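>
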Amino acid sequence: MLVFETERLKIRWLEVSDQEFIFKLLNEPGWINYIGDKGIRSLEDAKNYILTGPRKMYERVGFGLFMVELKESQQPVGLCGLIKRDGLEDVDIGYAFLAEHQSKGFAFESAKGNLEYARKLGLDRIVAITTKDNASSSKLLEKLGMSFEGYVTLPQDDEELKLYAIEIAK
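Here the UniProt record's numbering is used: the first residue of the sequence shown is 1, the next is one more, and so on.
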């Protein structure tokens, strides 16, 4: 299901047929280093991740991590979306892109679109978390207008993460 479009991108729900892309993205060094190893070792694992993660969240709250595709070619380049995560009071925005599609403005473009989508959903505050050493993510969050608020540790995790937030009045 199409969620929204930007100038260059289509943002849509993840489908089971996206399992090869998910397998590739979740096993990239950047994902494992900054987000964590999700144990995706097969296409079946990738399919289960889609069904028990993003698809389950769509059903529960109406949003989640979305597929980001190039509008012209339908080529998948990354994920970006809104997440209702245990341990955070507010909805947070998350994103990850294949290494070959980083530094092209896709994360900013899709994240900006997701903030507008959040506003349309009636959300008034969005947060984001990133590891302390992920300078490019911190820079992107600041470019989106988010402000650093401090540090947070999520349940079942021992790493202290940087917390950013933005008020998105209607």
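Every residue, glycine too, gets a C-beta built ideally from N, C-alpha and C. These numbers come from a predicted model, not from an experiment.
#1: Out of 63, 161, 69 and 139, which has the shortest C-alpha to C-alpha gap to residue 115?
#2: For residue 35, which residues of its own chain have a beta-carbon under 7 Å away from its beta-carbon, when the five flanking residues on both sides are left out?
#3: CA-CA distance, residue 79 and residue 169?
#4: Give the single residue among 103, 48 and 162 whose Cα lies nearest to the Cα of residue 151.
#5: What whole-angstrom Cβ distance do residue 166 and residue 147 have, given they're in contact under 8 Å?
#6: Going by DSSP, what residue range makes up the beta strand (DSSP E) through residue 67?
#7: Using only the alpha-carbon positions, how far apart do residue 21 and residue 128 sit?
#8: Identify the continuous beta strand (DSSP E) that holds residue 147 and give its terminal residues.
#9: Measure the alpha-carbon distance for residue 14 versus residue 54 and round it to whole angstroms.
#10: Need the endpoints of the alpha helix (DSSP H) that residue 26 sits in, please.
So, from the listed chains and residues:
#1: Here residue 115 refers to the residue found at position 115 of the sequence shown. Out of 63, 161, 69 and 139, 63 has the C-alpha closest to the C-alpha of residue 115.
#2: Translated into positions along the sequence shown, residue 35 becomes position 35. Correct list, in chain order: 96.
#3: In the sequence shown, the residue the question calls residue 79 occupies position 79. In the sequence shown, the residue the question calls residue 169 occupies position 169. Residue 79 and residue 169: Cα-Cα distance of roughly 25 Å.
#4: Residue numbering aside, residue 151 sits at position 151 when the sequence shown is read from its first letter. Checking every option, the nearest Cα to that of residue 151 belongs to 162.
#5: Position 166 of the sequence shown holds residue 166. Position 147 of the sequence shown holds residue 147. At roughly 7 Å, the Cβ-Cβ gap stays under 8 Å, so residue 166 and residue 147 are in contact.
#6: In the sequence shown, the residue the question calls residue 67 occupies position 67. 65–70 is the span of the beta strand (DSSP E), which, as asked, contains residue 67.
#7: Taking the sequence shown and counting its residues from 1, one reaches residue 21 at position 21. Taking the sequence shown and counting its residues from 1, one reaches residue 128 at position 128. If you take the alpha carbons of residue 21 and residue 128, they lie about 24 Å apart.
#8: Residue 147 sits at position 147 when you count from the first residue of the sequence shown. Note, residue 147: beta strand (DSSP E), 147–152.
#9: Stepping through the sequence shown from its first residue, residue 14 is reached at position 14. Stepping through the sequence shown from its first residue, residue 54 is reached at position 54. Cα to Cα, residue 14 sits roughly 7 Å from residue 54.
#10: As a position in the sequence shown, residue 26 is number 26, starting the count at 1. Per DSSP, residue 26 belongs to the alpha helix (DSSP H) from 19–26.
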